[in-house]
Structure formats: structure tokens, C-alpha cells
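Residue 60 in the working numbering sits at position 50 of the sequence shown; the count goes up by one each step and never skips.
Where a beta carbon is used, it is the ideal one built from N, C-alpha and C, also for glycine.
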Amino acid sequence: MSPQTETKASVGFKAGVKDYKLTYYTPDYETEDTDILAAFRVTPQPGVPPEE
11 MSPQTETKAS VGFKAGVKDY KLTYYTPDYE TEDTDILAAF RVTPQPGVPP EE
């Protein structure tokens, strides 16, 4: 019989939606020569933060 283990949610990811600027948005990121850049034009939506 294998030993029993305990999983804690705080160790990995918790379910739910996270604030975009806390997880993905990095305003001070500097590009490297190997980065592939893309630009998209989007229409701003009311009530949505601009960094999203």
C-alpha cells in the first residue's frame, strides 16, 4: 500500500479568474533578439481594464 499524501491548493493554482495585470502583464519587459512580436488592434470595451 502506498503512503497517503495531502494536496494543498496554495502550493499550485487555485481555481478562478485572476487579475490580468497580476499574472501576465509585465510593463517593464524588454524584448530579446529571439522574441517573436505581434500587434493586434482591438476595440476597447466599457468596463474592461486597458491592459487586458
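In chain order, which continuous runs of the alpha helix (DSSP H) of length 4 or greater are located wholly inside the segment 28-60?
-> Fully enclosed alpha helix (DSSP H) runs of 4 or longer: 30-33.
Rounded Cβ spacing between Tyr63 and Glu61 (contact assumed at less than 8 Å) | A question about residue 63 goes unanswered here, because the residues of the chain that appear run from 11 up to 62.
Distance, Ala48 Cα to Pro56 Cα | Cα-Cα distance, rounded: 24 Å.
What separation, rounded to the nearest whole angstrom, lies between the Cα atoms of Arg51 and Gln14?
-> Looking at the two C-alpha atoms, the distance is approximately 51 Å.
Could you give the distance in angstroms between the alpha-carbon of Asp45 and the alpha-carbon of Thr33?
-> Cα to Cα, the separation comes out at about 19 Å.
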